[in-house]
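S.K.:
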Amino acid sequence: MDHLNNKKHLFFVLLLIFLTLLLTACADKQQPKQKMTVKKETQKETTPHEEADWKLPISLTEGEFYMLGGWLSDTEVLYITNLEQTSSVYRYDLLSGKSKLIYKSEYPIVTVKISPSKKNILIHSSPSSYEGVVTIIDQNGSEQMKQSFASYELDFEWNQFNESQILVTKFDEDWNFQLSLLDTSKSKTVELTLPQPFIKWKDEKNVAYLNWDENTPSLFAPLIFRSIETGKEKAVLPEVIQFSTFQDLLMTVAVKKDDSTMAAYTFFNKEMKESFTFSIPQLTKFSDWLVPFYDYSKNRGQFITFEPLRSGEVDSYTEGFELVSYNIKKKKRELIMEHLDNEPILFSPSGNALLYGNRFENIIDLKTKEINELIKE
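The sequence shown begins at 1 in this note's numbering and counts up by one.
1. To which residues does DSSP link T75 through a beta bridge?
2. Short check: CB of L94 to CB of T75, under 8 Å?
3. Can you name, in chain order, every residue of its own chain whose Cβ lies under 6 Å from the Cβ of K146, other than the five neighbours on each side?
4. N299: buried (16+ other C-beta within 10 angstroms of its C-beta) or exposed?
5. What residue from E322, A263, D295, E157 has the CA that sits closest to S348's CA?
6. Do P292 and E313 count as a contact pair if the criterion is CB distance below 8 Å?
7. With a cut-off of 8 Å, do at least 3 Cβ pairs link the segment 216-225 to the segment 182-189?
8. Using the C-alpha atoms, what's the distance from W71 back to A323?
9. At the level of alpha carbons, what is the spacing between A353 and K367?
10. Between the alpha carbons of F379 and I345, how many angstroms are there, rounded?
11. Based on the DSSP output, what are the partners of F65 in its beta bridges?
12. Would DSSP call D398 helix, strand or coil?
13. In the DSSP assignment, the beta strand (DSSP E) including N372 goes from what residue to what residue?
14. Considering only residues of the same chain and omitting the five flanking positions on each side of T169, which have a CB-CB separation below 6 Å?
15. Apart from the five residues on each side of it in sequence, which residues of its chain come closer than 8 Å, Cβ to Cβ, to M272?
16. Note the first and the last residue of the continuous beta strand (DSSP E) segment covering V255.
17. Taking C-alpha atoms, which residue in P281, I304, S128 lies nearest to I328?
18. Buried or exposed for N362, please, with buried defined as at least 16 other CB atoms from any protein chain shown within 10 angstroms of its CB.
19. Do you know how far the Cα of N211 is from the Cα of T193?
20. Hey, would you say the C-beta of K186 is under 7 Å away from at least one heavy atom of the ligand FAD?
21. Can you give me the C-alpha to C-alpha distance between F267 and N342, rounded to a whole angstrom?
22. Identify the residues that DSSP records as bridge partners of P281: which are they?
23. Identify whether L4 lies in helix, strand or coil by the three-state DSSP scheme.
24. Closest by CA to N159, which one among E204, N120, E153?
25. Using the C-alpha atoms, what's the distance from A264 back to I241?
26. Taking its Cβ as the centre, do 16 or more other Cβ atoms sit within 10 Å of Y209, making it buried, or is it exposed?
Right, here's the structure in full:
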């Protein structure tokens, strides 16, 4: 609610404040029963915070909404619109409600990846089914590098320890793959020889991957560390379902040793010493397990994920998911919201909010625990 500065209308101001407090008090006594609570009007809390002043939803000036690209800061997000065969990239200020066009592509944009520091943006556009164009720009749209890859699909992994390096995996139509190391500081690309297509950076000069055996299908794979420079490898853990690397820790997902219906999430520090673990019910798919979407905030030291209410088969599971947060250092669990769908989530830089949805079309205020629509279509 905007503040009124005209003292002549003091009576009306006091009346409006009283009504607002009364409505807020009533709302606090009600427990949300619907799947999502969409916050259509923002109200200031007793302790104001920036999220209370978000100007939403975003008003599109041209084209149709395609997707949110991520956070540029705690108050700015990146979004993409499509118009015929072209795509546009915009910065949106959540506090001012203003959009700024920073890049226009003559080809449809497939995806964007914002660098870990938020200073640069990777844009993957597609002139044809067998070509991908990678363009690196800064926050203002200035082009840093551009390169074409003959490919059916591309996958990317920023080096969070050295942002001038990006791993690029090229797939052909038969899903054969080739990895390359794109160096933006030297504007060059070098082909790499790696046994798996999906690689993550362990540190500045080493990568990590799960070494799946194509000849012997398995539900698990060993976790391998490998030097980019020397090619020297080291097997670290024998049976892992999925893993992620962050600047200050590594997380693995495996089957709990004493209960195969539960998934065990384990966190390791840089020296690969276990620092925290927890378990959640596990849902099975036809050939493997479902790992619900998750993210990690280094700033808050918190890992956030969706948890099913029980173990079972994905196809028959209908109870929805809880959004929960784990404090890695304090080893504490916090329930954030209930009755949500398992869809992608992405922490803001401060860790106070999440982008949420298959196109990141929603935003969750973790202080008020409310979901806001970013786009009204």
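We treat Cβ as the ideally placed atom computed from N, Cα and C, and that holds for glycine.
M.R.: On the basis of the data shown:
1. DSSP output for T75 lists no bridge partner at all.
2. yes
3. Close CB contacts of K146 within its chain, under the 6 Å cut and outside five residues either way in sequence, are with T135 (chain order).
4. exposed
5. D295
6. no
7. no
8. At residue 323 the sequence reads Leu, which differs from the Ala that was named. Straight-line measurement puts the Cα of W71 at about 20 Å from the Cα of L323.
9. Distance between the alpha carbons of A353 and K367: 8 Å.
10. Only positions 1 to 377 of the chain appear in this structure, which leaves residue 379 out of reach.
11. T81
12. Not covered by the structure: residue 398. The range shown for the chain is 1 to 377.
13. 370-373
14. Closer than 6 Å at the Cβ level, and outside the excluded window around T169, lie D155, F177, L179, P197.
15. So the qualifying residues of the chain are V236, L250.
16. 250-255 is the extent of the beta strand (DSSP E) around V255.
17. I304
18. Residue environment: N362 is assigned as buried (16 or more neighbouring CB atoms within 10 Å of its CB, all protein chains considered).
19. 14 Å
20. The ligand FAD is not part of the structure shown, which contains no ligands of any sort.
21. 22 Å
22. Under DSSP, P281 takes part in a beta bridge, and its partners are M262.
23. Because the pLDDT at L4 is just 36, under 50, the model does not fix this residue reliably, and the value given afterwards should be weighed accordingly. Residue state, collapsed to three classes: coil.
24. Taking only the C-alpha atoms, the option nearest N159 is E204.
25. 10 Å
26. buried
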